[in-house]
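Read the structure below first, then the notes.
Numbering (the working numbering), first residue to last: 345 to 485.
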């Protein structure tokens with residue numbers, strides 16, 4: 345049985361290489377967050393993640409989601425990718441009332457838990473993308 349969704353992807357505005365590049369970009373950003381060693385570096389990583397989230401929004405919800413014709417598959421896809429998209433927001437905010445050292449210390453206290461959570465949700469999201477757009481959804485028919 346030919347997978348209709350897989351055929352649509354072949355004519356879509358993204359390729360399997362684009363999917364792999366976005367996945368690798370996730371890993372690169374998480375490594376940068378893991379290795380940052382100052383408040384200014386952490387802000388730089390946070391800004392890079394915000395920019396990446398904008399790209400994810402377009403990639404997941406403007407390019408991929410419209411190709412999914414089955415409503416239950418689309419809902420599942422959106423649920424899994426949205427959890428990842430939201431969790432990526434780095435919990436470091438600029439606050440003029442709190443000095444940078446205190447803000448950075450608070451970020452350091454949250455960092456390992458945040459990274460673990462993002463990695464978990466990233467695995468789920470990229471697995472959903474892989475299942476639907478690279479392997480196809482034949483097994484669900």
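Don't be surprised by glycine CBs; every beta carbon is placed ideally from N, CA and C.
Distance between residue j and residue i (C-alpha atoms, nearest Å)
i	j	result
residue 387	residue 454	15 Å
residue 464	residue 357	28 Å
residue 360	residue 437	35 Å
residue 431	residue 409	19 Å
residue 401	residue 471	17 Å
residue 399	residue 379	23 Å
residue 406	residue 441	38 Å
residue 447	residue 385	13 Å
residue 422	residue 415	10 Å
residue 467	residue 439	32 Å
residue 449	residue 367	29 Å
As assigned by DSSP and simplified to three states, the class of residue i
i	result
residue 439	coil
residue 475	helix
residue 487	No answer is possible for residue 487: it lies beyond the span of the chain, which begins at 345 and ends at 485.
residue 378	helix
residue 366	helix
residue 358	coil
Proximity to residue i [Cα-Cα], best of the options
i	options	result
residue 418	469, 357, 366 and 360	469
residue 458	443, 390 and 364	390
residue 460	365, 371 and 362	371
residue 377	362, 447 and 393	393
residue 452	466, 423 and 381	381
residue 396	416, 414, 443 and 428	428
residue 444	422, 365, 383 and 368	383
Integer-rounded CB distance, given that residue j should sit under 8 Å from residue i
i	j	result
residue 473	residue 374	With a Cβ gap of about 17 Å, residue 473 and residue 374 do not count as contacting.
residue 425	residue 404	5 Å
residue 476	residue 412	7 Å
is_contact[residue i, chain D] using C-beta, thresh 9 Å
i	result
residue 451	Any reference to chain D falls outside this structure, which holds one protein chain only.
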